[in-house]
Structure formats: C-alpha cells, structure tokens
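Have a look at the structure below before the remarks.
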Amino acid sequence: MERVPILRIGDVLLVSIQIDLQDHIALQLQDDLSQRIVDTGAKGVLIDISALEIVDSFVGRMISTTAAVSRVLDAETVVVGMQPAVAITLVELGLTLQGVRTALDVDRGLALLAQRTGGAATLLAQDDDQPGD
Amino acid sequence: MAEGTTNGWPELLRDHRDAVLARWTEAVQSTLAGRMTASESSHDIQEVYDALLAGASGGDQRDVRATSFDGLRALLADLARARARQGFSPTETAVSVFALKDAVLGVLEAGGDAADYRAFADLSRVVDDLGLYMLETYAAARDTVIAEQAETLLELSTPVVKLWDGIVALPLVGTLDSARTQVVMEALLQALVDTGSEHAIIDITGVAAVDTQVAQHLLKTVQAARLLGAECIISGIRPQIAQTVVALGIEFGDIQTKANLSDAMLLAMRRSGLDVVSGRGRG
Chain A
873 MERVPILRIG DVLLVSIQID LQDHIALQLQ DDLSQRIVDT GAKGVLIDIS
923 ALEIVDSFVG RMISTTAAVS RVLDAETVVV GMQPAVAITL VELGLTLQGV
973 RTALDVDRGL ALLAQRTGGA ATLLAQDDDQ PGD
Chain B
112 MAEGTTNGWP ELLRDHRDAV LARWTEAVQS TLAGRMTASE SSHDIQEVYD
162 ALLAGASGGD QRDVRATSFD GLRALLADLA RARARQGFSP TETAVSVFAL
212 KDAVLGVLEA GGDAADYRAF ADLSRVVDDL GLYMLETYAA ARDTVIAEQA
262 ETLLELSTPV VKLWDGIVAL PLVGTLDSAR TQVVMEALLQ ALVDTGSEHA
312 IIDITGVAAV DTQVAQHLLK TVQAARLLGA ECIISGIRPQ IAQTVVALGI
362 EFGDIQTKAN LSDAMLLAMR RSGLDVVSGR GRG
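Chains as they are written, first to last, in my numbering: chain A, 873 to 1005; chain B, 112 to 394.
Given below as structure tokens:
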C-alpha cells in the first residue's frame, strides 16, 4: 500500500504529500504521524501540500484533525505550500482550518516553528533534552 | 434594352452590371466617408455582387436562406462582423446592401420598362432579406465584442501591486460582485505565492458600497490568504462605510482594518520586522 513518508529534521517532522491523497492513505498517514510524534518527541510537524492540486472536504477535515491530534501530543502543526486553488476550495467548503498555522513554503514554515519552540528548532535534540534531565 | 433577356432580377443585374456597380459603389462610399479606402469597399461590393448572381443562378431566386446563397451569406456575415469590430453603426452596415436598390433604380430610370420594374420588385425583396441577415450578424458580432470587453475590463480592474519586499497591495475599484471577487481572490493568492509575500493589503478606497455580501467576499479572500500562510490587512475604509459596516452588524473578526493605505503599509512593515525612520535625524 502507498504511504506518505514522514521525515525527521531535528525535532520537526516533515510530511510531504506528493501523491493523490486517497482516504485510506490519509487515515494511514494520521496513524503513522501520531505514532512518530510520540516515538521521536517532535515539537513540530510540517505538512507540505504544495503538490496537492485537488482537495475535498475529507482531506480538509483530516488536516484539521491531524493538527488537533498533534497539538494534544505537544507538537505544533504548520501547513505549508498550499496552492491558491486549494485555498479557494477550502474556503468555499467552509473549512478555514481553525487552529492550524500556515506558511508559504517549507523554509518559512521551519522559521515559524523555530520561533514557537524558542529558537533553534533544527538543533533541538541536545538543547531540548538538557532542561528535562 | 432587349426585352427577351429581362425576365428576372438576375438577368437585370447581369445586363446592367457595370452601371449598377458604379452607382452602388458610389452610394456606399459616400456613407463610409473616408473610413474605408475606395478600393477596399469597391472590392467588397464586387464580391457581393458576383456572389449574389452566382447564388441566383443556382436555384431559388427569392429565398436567401437557400443553400445556393451560402457563399453570399458567408460573405455578408464576414462583412458585418468586420463592420461591427471597426465600430460602424448598424445603418452604415446595412446601407452597403440596401444601396443596391437605389443603384438599380437609378439605372432603370434611365430607360426601363414594366418587366424591369417587376424584376426590381423581386430584387428589392431579396435585398431586404439580405440586409436583415446582415444586421442579425452585426448584432451578434457586437455582442461578442461587448462580452470580450467586459472580460478584459474584469482582468484590468484587478491589478496586484508589490509595495515592498514581502508586501503586496490590491487596490479595489468599483463594485464587488461574486464573479469579480473570484477573479480578485485568484489574482491575489497567485501573487502571494509568486512573490512569496506574507502580507497583503486590500485597499477598498474605490469600492462604492460595502454590504453584507461584499463583506462576505472580503472575508473569504482573507481566509484563503491565511490558508496560504499570508496575513491580510483591509485598508481604505471611509467613514460612511465604517458606519454602514457597524449598522449592518458585519464582524471583521480578528482581521486588521486601517483607515488608509499608508497606515496599513506601516503595519505590514512592522509585522515583517521593518521600521521607517526619518533620514534627517542622521544628518
């Protein structure tokens, strides 16, 4: 079965959706992602949907749910690279992704997460672990 | 004129070809007065004349919708479309066909008999039909031109301008309806993505009135921009509009509004970490 890869960059998980997001793939992704957040203790999740050209209400809701789940697990979600057409569709569907942060591209998304997690998001491993010890 | 040959209008036209053509061309040229070259219009007229004769020899001489007149109708349709695009009036367009009657009559007055006049009556009917057909095409062509212009206007009226690195502005002028909002929204979102801007200023100084629907459209645009990761500021809200907005109970929520574009620009610059300092202080 096709899966969406989840890459770890420092304490950020990068999910780049490059395939047609069918319902079962979306559900699988949601499972995988929550598992990975717990495993890695990631503080941020970047979902890159720049390759997504079509979006329906299910995918829209799934993005909201993923963000909510991540927040519960103490990871901030940023959706990056949304296509204008997708944004218009979501607004027309009434899905404004309340509570989900957005950024224009991966770069800005990382910067945003770095701000939130108090600076060096990408260098987190050592810095973050020390206060906890 | 020999009576044996004048038994219908096609013969009439054929016999008097040169004389009729000369008068017809003259009549048409006097109405088009310098807006078309003489050689152009006389060429057109000759083509129509020949097509008319060719059509008549192919079958029914009265029904201009018959297939034998296909060539002529195509020719007239082209002419009508060209006239519509060049901005000629309906009269100026139709006269190039109707003038044929005057031309034939003029020739007949010089020496025609009863049979010729009967043929002329038939011709007159055919010419009327052709003239009407030409006007129909003209009107259709005009409609197309108007539709094209409306579309051009729609695109022209939504320029997205870059104010600063990372700040774009969308000055709206006129009325905001659904079709226009769609174009505006797409143009703005595309500009945000293309320029990688995180701040957009929607200036509504030129928007005549804001009602609940316009506000709804604005809100949608702002929400869509947020989904891309950009923040919008709405500026140029005039006092009357502010009062209308409050009276209608429209909620702009957490969308920043400013009275004028310069305030909005300053806010956008501050948000992107820039500040404006007077140069004089540095001496």
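Glycine included, each C-beta is placed from N, C-alpha and C at the ideal position.
Taking its Cβ as the centre, do 16 or more other Cβ atoms sit within 10 Å of B/Pro270, making it buried, or is it exposed?
exposed
Can you tell me whether A/Gly953 is buried or exposed? The criterion is at least 16 other CB atoms within 10 Å of its CB, across all chains shown.
Around the beta carbon of A/Gly953, a 10 Å sphere encloses 16 or more other beta carbons of the protein chains shown; the residue is thus reported as buried.
By Cβ distance, which residues of its chain are closer than 6 angstroms to B/Thr316, with the 5 residues on each side in sequence left out?
Gly347
If you draw a straight line from the alpha carbon of B/Asp155 to that of B/Tyr228, how long is it in whole angstroms?
26 angstroms
When the Cα atoms are used, what is the spatial distance from B/Lys273 to A/Leu879?
35 angstroms
Can you list, in chain order, the residues of the region 885-917 of chain A whose Cβ is nearer than 9 angstroms to any Cβ on chain B?
none
Considering only residues of the same chain and omitting the five flanking positions on each side of A/Gln987, which have a CB-CB separation below 6 angstroms?
none
Alpha-carbon to alpha-carbon, B/Asp386 and B/Val93
It is not possible to answer for residue 93 of chain B, since the shown part of chain B is limited to 112 through 394.
Indicate whether the contact test is met: 3 or more Cβ pairs, each with one atom in the region 280-300 of chain B and one in the region 249-260 of chain B, closer than 8 angstroms.
The region 280-300 of chain B is not in contact with the region 249-260 of chain B.
Can you tell me which residues form a DSSP beta bridge with B/Gly285?
Answer is B/Val318, bridged to B/Gly285.
DSSP three-state label for A/Lys915, please.
coil
Looking at C-beta atoms only, is the number of pairs between the region 958-977 of chain A and the region 926-933 of chain A that lie closer than 8 angstroms three or more?
Touching, per the Cβ criterion.
To the nearest angstrom, how far is it from the Cα of B/Asp276 to the Cα of B/Lys369?
20 angstroms
Taking CB distances under 8 angstroms as the criterion, tell me whether A/Ile919 reaches chain B.
For A/Ile919, the answer is no, since every Cβ of chain B falls outside 8 angstroms of its Cβ.
Among the residues of its own chain, which have a CB less than 6 angstroms from the CB of A/Leu886, if the five just before and after it don't count?
Closer than 6 angstroms at the Cβ level, and outside the excluded window around A/Leu886, lie Leu879, Leu918.
Which partner residues of A/Asp920 appear in the DSSP bridge assignment?
Per DSSP, the beta bridge partners of A/Asp920 are A/Ser888, A/Val952.
So what's B/Gln367 in DSSP terms, helix, strand or just coil?
strand
Roughly how far, in whole angstroms, is the beta-carbon of B/Ala355 from the beta-carbon of B/Val325, given that I think they are within contact range, below 8 angstroms?
The question names Ala, yet the displayed sequence has Thr at residue 355 of chain B. So it is not a contact: roughly 10 angstroms between Cβ atoms.
How big is the Cα-Cα spacing for B/Arg134 and B/Leu163?
17 angstroms
Distance between B/Ala251 and B/Asp189 (C-alpha atoms, nearest Å)
12 angstroms
Looking only at its chain, what residues have a beta carbon closer than 7 angstroms to the beta carbon of B/Ile366, apart from the 5 residues adjacent to it on each side?
Val333, Cys343, Ile345
Please report how far the alpha carbon of B/Ala165 lies from the alpha carbon of B/Phe180, in whole angstroms.
8 angstroms
Assign B/Gly384 to buried or exposed, taking buried as 16 or more other Cβ atoms, counted over all protein chains shown, within 10 Å of its Cβ.
By the neighbour-count rule (16 or more Cβ atoms within 10 Å), B/Gly384 is not buried but exposed.
Residues in its own chain within less than 7 angstroms of A/Val927 by CB, not counting five upstream and five downstream?
Val958, Thr961, Leu962
Any beta carbon of chain B sitting closer than 8 angstroms to that of A/Arg943?
It does not; no Cβ of chain B falls within 8 angstroms.
Classify B/Ala221: buried if its beta carbon has 16 or more other beta carbons within 10 angstroms, exposed otherwise.
By the Cβ-count criterion, B/Ala221 is exposed, with fewer than 16 other Cβ atoms from all chains shown falling within 10 Å of its own Cβ.
Starting from B/Thr269, trace the alpha helix (DSSP H) in both directions and tell me its first and last residue.
Here B/Thr269 belongs to no alpha helix (DSSP H), and DSSP marks it neither H nor E.
Look up A/Thr968 in the DSSP assignment and say whether it is helix, strand or coil.
For A/Thr968, the secondary structure class from DSSP, reduced to helix, strand or coil, is coil.
What separation, rounded to the nearest whole angstrom, lies between the Cα atoms of B/Leu123 and B/Met245?
When rounded, the distance between both Cα atoms is 23 angstroms.
In the DSSP output, what is B/His310 paired with across the bridge?
B/Ile278, B/Glu342
Could you check the C-alpha separation between B/Arg146 and B/Pro201 for me, to the nearest Å?
Spanning the two alpha carbons is a distance of roughly 15 angstroms.
Ordered along the chain, which non-local residues of its own chain (more than five positions away) have a Cβ less than 6 angstroms from that of A/Leu945?
Ile909
Run down chain A in chain order and give the residues with a C-beta less than 7 angstroms from the C-beta of B/Ala335.
Ala959, Ile960, Val963
Using the three-state DSSP reduction, which class does B/Thr148 fall into: helix, strand or coil?
coil
Quick one, which residues of the region 285-296 of chain B are near chain A if we go by CB-CB under 7 angstroms, in chain order?
Met296
What did DSSP end up calling A/Ala939 once you bin it into helix, strand or coil?
helix
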